[in-house]
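Asker: Input: one structure, supplied below.
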Amino acid sequence: MTGLQTGSGATARRIQLGAQLRRLREARGVTREDAGYSIRASESKISRMELGRVGFKQRDVADLLTLYGVDDEESRSALLGLVGGTNAPSWWHGYGDVVPGWFQTYLNLEDAANLVRSYEVQFVPGLLQTAEYAYAVMRAGSPAASEEEIGRRAAVRMRRQERFLAEGATARLELIVDETALRRPCGGPEVMRAQLARLSELSLRGTISLRVLPLGTVALAADSGAFSVLCFPEPDLADVVYVEQFTTALYLDKPAEVAEYATALERVSAAALSEEETRALLAEILQGT
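Taking the numbering used here, the leading residue of the sequence shown gets 1037, the next gets one more, and so forth.
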């Protein structure tokens, strides 16, 4: 087992346990503030626990279960049994200086997901970017940042790709990208040629579905811009919609909200080129660069 796989398991268990604790707290009508008080912690600590952003201590979980009225020994043992597997450090721990807290939540989710569905408008999807293209995107967005910072941020993006692009990977990507992103110069002709060639290569993989929304298409219900829907193998983990903003992000997991974005994605999908048509368009654009 690789460290990546181990980390992914710990992430999934943190999210699973956190989600279950949140449901128990809400069902009991307990506020985060009161829950934090019961384990000698802050309201924000409870929030981080419920989002799966931190590990858990047996004592804390046991005290919370008591507060939430979980006195059945079998139920307590099952939940406490998850605690031991939640504390492996996440792979991005060493990049804390360049990964803001709001994005660490996404990394937790992405690391546990077995399917990522997304619509990208401005750039090639991050999980399919070459290192040079990623660097150029980040440099354009942060012109005042140091070379070291940009390099470390790009390294995080490359590390994220490993779960999805490594040989034998099972996690699936279903990505739709606006044609304008493929035609927008980024990093110079050589960088764009390499990026387009990489997309052509990756589009042949069985675990990747890459489709283009062609120019002139009215993308109904997609006026929110880029977004992703993350799906998980655990049946008790609900899909999560991720919408990135300039200095923060939205994480939506209420069924009605997720359904709205899923419908928007289906409408974009219906207007997008097929996978074969997408590969033909990539070859055409590549020939013209």
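Even glycine gets a Cβ: it sits at the ideal position worked out from N, Cα and C. Every value quoted in this text rests on a predicted model; they were computed, and no experiment measured them.
For Glu-1110, which of helix, strand or coil comes out of DSSP?
Answerer: In the structure shown, Glu-1110 sits in a helix (DSSP, three-state: H, G or I).
Asker: Since Asp-1214 sits in a beta bridge, which residues does DSSP pair it with?
Answerer: DSSP lists Leu-1249 as partners of Asp-1214.
Asker: Identify which residue in Ala-1172, Glu-1203 and Ala-1202 has its Cα closest to the Cα of Ala-1190.
Answerer: Taking only the C-alpha atoms, the option nearest Ala-1190 is Ala-1172.
Asker: For Thr-1243, which residues in the same chain have their Cβ closer than 8 Å to its Cβ, ignoring the five residues on either side in sequence?
Answerer: Same-chain partners within the cutoff: Phe-1200, Ala-1205, Thr-1206, Ala-1207, Arg-1208 and Leu-1209.
Asker: Does the stretch 1192-1199 come close enough to the stretch 1282-1299 that 3 or more CB-CB pairs lie under 8 Å?
Answerer: As far as the Cβ criterion goes, the stretch 1282-1299 does not touch the stretch 1192-1199, which means the pair count is below three.
Asker: For the alpha helix (DSSP H) that contains Val-1304, what are its first and last residues?
Answerer: Segment 1291-1307, the alpha helix (DSSP H) holding Val-1304.
Asker: Taking buried to mean at least 16 other C-beta atoms within 10 Å of its own C-beta, is Thr-1283 buried or exposed?
Answerer: Label assigned to Thr-1283: exposed.
Asker: Considering only C-alpha positions, which residue in the set Ala-1292, Pro-1291 and Val-1277 is nearest to Ala-1285?
Answerer: The option with the nearest alpha carbon to Ala-1285 is Val-1277.
Asker: For the candidate residues Glu-1069, Leu-1118, Ser-1074 and Pro-1221, whose alpha-carbon lies nearest to that of Ala-1055?
Answerer: Per the Cα distances, Leu-1118.
Asker: Check this for me: beta carbons of Glu-1168 and Gly-1091, under 8 Å apart or not?
Answerer: Against a cut-off of 8 Å, the Cβ pair of Gly-1091 and Glu-1168 comes out as no contact.
Asker: Going by other Cβ atoms of all chains shown within 10 Å of its Cβ, with 16 needed for buried, is Gln-1165 buried or exposed?
Answerer: Per the 10 Å Cβ criterion, buried.
Asker: Could you tell me which residues DSSP puts in a beta bridge with Phe-1263?
Answerer: For Phe-1263, which the question treats as bridged, DSSP gives the partners Tyr-1155.
Asker: Near Ala-1316, which residues of its chain fall below 6 Å by C-beta distance, leaving aside the five closest residues on each side in sequence?
Answerer: Cβ neighbours of Ala-1316 beyond the five flanking positions: none.
Asker: Considering only residues of the same chain and omitting the five flanking positions on each side of Ala-1233, which have a CB-CB separation below 8 Å?
Answerer: Excluding residues within five positions, the ones whose Cβ falls inside 8 Å are Leu-1322.
Asker: Exposed or buried, Leu-1057, counting other C-beta atoms within 10 Å across all chains shown (16 or more means buried)?
Answerer: Burial call: buried.
Asker: State the CB to CB distance for the pair Phe-1263 and Tyr-1155, rounded to an integer number of angstroms; the pair is presumed to be in contact (CB under 8 Å).
Answerer: Confirmed, about 6 Å.
Asker: Go through the stretch 1116-1204 residue by residue and report every complete run of the alpha helix (DSSP H) that reaches 4 residues or more, in order.
Answerer: Segments of the alpha helix (DSSP H) lying fully in the stretch 1116-1204: 1137-1148, 1167-1177 and 1183-1201.
Asker: What's the C-alpha gap between Val-1236 and Ala-1202?
Answerer: Rather than Val, the amino acid found at residue 1236 in this sequence is Ser. Roughly 17 Å between the two C-alpha positions.
Asker: Let's see if you can read the secondary structure: which residues bound the alpha helix (DSSP H) around Ala-1207?
Answerer: Unbroken run through Ala-1207: none, as it is neither H nor E.
Asker: With DSSP as the reference, label Val-1227 as helix, strand or coil.
Answerer: If DSSP states are grouped into helix, strand and coil, Val-1227 belongs with the helices.
Asker: Going by C-alpha to C-alpha distance, which of Gly-1088, Leu-1116, Arg-1089 and Glu-1110 sits closest to Asp-1099?
Answerer: Answer by Cα proximity: Leu-1116.
Asker: Quick one: what's Ile-1051 bridged to in DSSP?
Answerer: Paired residues: none, contrary to the question.
Asker: So Thr-1122 and Leu-1060 are supposed to be a Cβ contact under 8 Å. How far apart are they, rounded?
Answerer: That pair is no contact at about 16 Å.
Asker: For Gln-1281 and Asp-1107, I'd like the C-alpha separation in whole angstroms.
Answerer: Those two C-alpha atoms are separated by around 42 Å.
Asker: Ala-1077 by DSSP, collapsed to three states: which one?
Answerer: Coil.
Asker: If we count the other Cβ atoms within 10 Å of its Cβ and call it buried at 16 or more, is Ser-1239 buried or exposed?
Answerer: The residue is buried, with at least 16 neighbouring Cβ atoms inside 10 Å.
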